[in-house]
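Reviewing the structure listed below.
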């Protein structure tokens, strides 16, 4: 892996990790309003996928969207302000955690209903096919979405119409509060889509270079107008479904096992081993990132709440 | 130049004209072009005219994704009830995304479907269910009642930057009428006064416009002059034209093919009760379908629907010329 690429990946992962930890803290202090889902443990997938996309490529995400938005280029200041409900928020405080959108960076949106983003990705991929400009669409979803009707319909239609979309499934083995075994008899999502005949791969989501390389291959083909593809990343949700979740289902053995497989720790070790970063560089990235995040919190706190008068003005496009 | 063509042909003509003038308009749905001889396929090819599988959630969700990326999809959904299969896309995504994004995106999508097919298609294919969509800010609703409006409202729906439920009445598809050729648009939110009169206002939607006009002719023979107003779009709703007519007549009868509770008629009645109460000389009367699922049997089907006689009777009641049942 190129050193610059490795360093960029590490920086993105640190941004997501520290951003999410800070949001968790702010939620406990009641400074972040509403329902919050954190992506700690999944930073590697967001960084490796979005890091290879252009601003004019489209990304759709779901309810656990902060990491995907940040990795696609959404400014942490505006995302933090959104979570704190401020006028300077990326959606002026009207969307919040589950509905982040940043069109400037091709983050076309997060949807709050599990699986609802899948058909949206097809539509955007169809425009890319019609335009023939080599743009692609990526849609992130969890293994919980696979059992929803959206998934079957979308996979079928994407395959039928050969749309340039990469389905990125973050299979963390948990759908909200229950394990995958309670939702399906099929363990691997790549097996679910097998009959459709398009290329699909399951990788370890904590092995960030592996996610990067596999996605790179799919992306090149999708840019050439082919598709769809499915990249399944086996990962782990190190936080509850939502902040405040009592997590009665949490298995301490799995927790220990995945703490060792933490993607950020593994990527840092690997980077030192491979000489992608100098010794001490990781600490420096973390320090710099922490300062960026404190700046984002200050920015949000210093921003006013939205003027209530904007409430009715954004319902319709003129 | 106008010439006479059927309602359904007017709809198709609008789609063809709009596809010609704007290459970002795409048209797809179940069974829309079963052969390559289809005129739209001939004109625009299989990339822009597509047959989709029976996958309403994907079809409508895909329209939202097309619209977010700057295209203007028209999705053929055949029956209005098929939108219920994809309620999340119709009401929870299409009309909300602009708002939730703080105005960053727009969703110019048309969901085209038929409604009100009370011709023995029974309980799940005949409903006039548009009233429920009025409860979702951001979603526009067009209900053309004439062939000319069928064309003009479709063109406006396609050009509008917001999601539109464009609902054709399946009882009217073969009705002929004068339709202008070429580009033709009818603005949203502007009611049509189909007949002028000073004694009573009848607000009628879609298929009931024709029934109300027939009732008005009958009433005229008895010297009662009814003003018939067709709102044409339920959202935006031209309450100003309705209120101004009620200010003149002092009496209001609302005719709608949908059920009453939580429906279009109730919304219109509430607007007039709140903003036009001072003009009213009699209680507002609503002539709607009964609050039942549309039955299969033909006489029962007719029994539950509004018709010319029920509208005329209501007019006589609000004028105090016929007794009101307790």
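Chains as they are written, first to last, in the numbering used here: chain A, 1 to 318; chain B, 1 to 326. C-beta atoms are modelled at their ideal positions from N, C-alpha and C, and glycine is treated no differently.
Against residue i, what residues of chain B qualify as contacts under a CB-to-CB distance less than 7 angstroms, listed in chain order?
i                     : result
residue 121 (chain A) : 65
residue 153 (chain A) : 55, 57 and 58
residue 94 (chain A)  : 99, 100 and 102
residue 13 (chain A)  : Simply none; closest approach about 26 angstroms.
residue 234 (chain A) : Simply none; closest approach about 26 angstroms.
residue 169 (chain A) : The premise fails here: residue 169 (chain A) is roughly 17 angstroms from chain B at the closest Cβ pair, so nothing lies under 7 angstroms.
residue 103 (chain A) : 104 and 105
residue 316 (chain A) : 138 and 162
residue 108 (chain A) : 68
Exposed or buried, which one is residue i when buried takes at least 16 other CB atoms within 10 Å?
i                     : result
residue 93 (chain B)  : buried
residue 143 (chain A) : buried
residue 215 (chain A) : buried
residue 168 (chain B) : buried
residue 293 (chain A) : buried
residue 29 (chain A)  : exposed
residue 35 (chain B)  : exposed
residue 124 (chain B) : exposed
residue 320 (chain B) : exposed
residue 306 (chain B) : buried
residue 195 (chain A) : exposed
residue 322 (chain B) : exposed
For residue i and residue j, I'd like the C-alpha separation in whole angstroms.
i                     : j                     : result
residue 152 (chain A) : residue 146 (chain A) : 8 angstroms
residue 65 (chain A)  : residue 229 (chain B) : 48 angstroms
residue 155 (chain A) : residue 157 (chain B) : 29 angstroms
residue 132 (chain A) : residue 42 (chain A)  : 32 angstroms
residue 23 (chain A)  : residue 303 (chain A) : 17 angstroms
residue 178 (chain A) : residue 249 (chain A) : 7 angstroms
residue 11 (chain B)  : residue 147 (chain B) : 8 angstroms
residue 201 (chain A) : residue 260 (chain B) : 53 angstroms
residue 300 (chain B) : residue 310 (chain A) : 49 angstroms
residue 225 (chain A) : residue 95 (chain B)  : 30 angstroms
residue 280 (chain A) : residue 207 (chain A) : 21 angstroms
residue 60 (chain A)  : residue 84 (chain A)  : 22 angstroms
residue 103 (chain A) : residue 68 (chain B)  : 10 angstroms
residue 249 (chain B) : residue 315 (chain B) : 12 angstroms
residue 183 (chain A) : residue 175 (chain A) : 8 angstroms
residue 299 (chain A) : residue 69 (chain A)  : 18 angstroms
residue 173 (chain B) : residue 153 (chain B) : 15 angstroms
For the candidate residues the options, whose alpha-carbon lies nearest to that of residue i?
i                     : options                       : result
residue 38 (chain A)  : A:155, A:161, A:143 and A:239 : A:239
residue 58 (chain B)  : B:170, B:82 and B:214         : B:82
residue 185 (chain B) : B:274, B:15, B:3 and B:307    : B:15
residue 298 (chain B) : B:118, B:28 and B:276         : B:118
residue 293 (chain B) : B:129, B:86, B:45 and B:246   : B:129
residue 266 (chain B) : B:325, B:90 and B:289         : B:289
residue 295 (chain A) : A:130, A:15, A:10 and A:173   : A:15
residue 317 (chain B) : B:282, B:308 and B:44         : B:282
residue 36 (chain A)  : A:241, A:318 and A:254        : A:241
residue 161 (chain B) : A:223, A:5 and A:315          : A:315
residue 303 (chain B) : B:279, B:257 and B:277        : B:257
residue 58 (chain A)  : A:135, A:274 and A:220        : A:135
Kindly indicate the opening and closing residues of the beta strand (DSSP E) around residue i.
i                     : result
residue 91 (chain A)  : Residue 91 (chain A) -> no beta strand (DSSP E), and no H or E assigned at all.
residue 177 (chain B) : 176-180
residue 201 (chain A) : 200-204
residue 257 (chain B) : Looking at the DSSP string, residue 257 (chain B) is not in any beta strand (DSSP E), and its letter there is neither H nor E.
residue 108 (chain A) : 107-110
residue 156 (chain A) : Careful: residue 156 (chain A) lies outside any beta strand (DSSP E), inside the alpha helix (DSSP H) at 149-160.
residue 111 (chain B) : 110-115
residue 167 (chain A) : 165-171
residue 230 (chain A) : 229-234
If I follow the unbroken alpha helix (DSSP H) through residue i, where does it start and stop?
i                     : result
residue 7 (chain B)   : 7-21
residue 123 (chain A) : 117-131
residue 72 (chain B)  : No alpha helix (DSSP H) holds residue 72 (chain B); the beta strand (DSSP E) holding it covers 72-79.
residue 194 (chain A) : Where residue 194 (chain A) is concerned, there is no enclosing alpha helix (DSSP H), given that its DSSP letter is neither H nor E.
residue 229 (chain B) : Element bounds for residue 229 (chain B): not the alpha helix (DSSP H) but the beta strand (DSSP E), 226-230.
residue 218 (chain A) : 208-223
residue 299 (chain A) : 281-302
residue 321 (chain A) : Absent from the structure is residue 321 (chain A), since the part of chain A shown begins at 1 and ends at 318.
residue 50 (chain B)  : Careful: residue 50 (chain B) lies outside any alpha helix (DSSP H), inside the beta strand (DSSP E) at 49-51.
Kindly list, in the order they appear in chain A, the residues whose Cβ is closer than 8 angstroms to that of residue i.
i                    : result
residue 89 (chain B) : 116 and 119
Residue i versus chain A: which residues are under 9 angstroms apart at the beta carbon?
i                     : result
residue 112 (chain B) : None at all; the shortest Cβ gap to chain A is about 16 angstroms.
Name the chain B residues whose beta carbon is nearer than 9 angstroms to that of residue i?
i                     : result
residue 230 (chain A) : The premise fails here: residue 230 (chain A) is roughly 16 angstroms from chain B at the closest Cβ pair, so nothing lies under 9 angstroms.
residue 196 (chain A) : Going along chain B, no residue has its Cβ under 9 angstroms from residue 196 (chain A), so there is no contact; the nearest lies around 13 angstroms.
Could you tell me which chain A residues have their CB closer than 7 angstroms to the CB of residue i, listed as they occur along the chain?
i                     : result
residue 22 (chain B)  : Here the premise fails: no neighbours, minimum Cβ distance about 13 angstroms.
residue 303 (chain B) : Correct list: empty, because the minimum Cβ distance to chain A is about 37 angstroms.
residue 71 (chain B)  : 127
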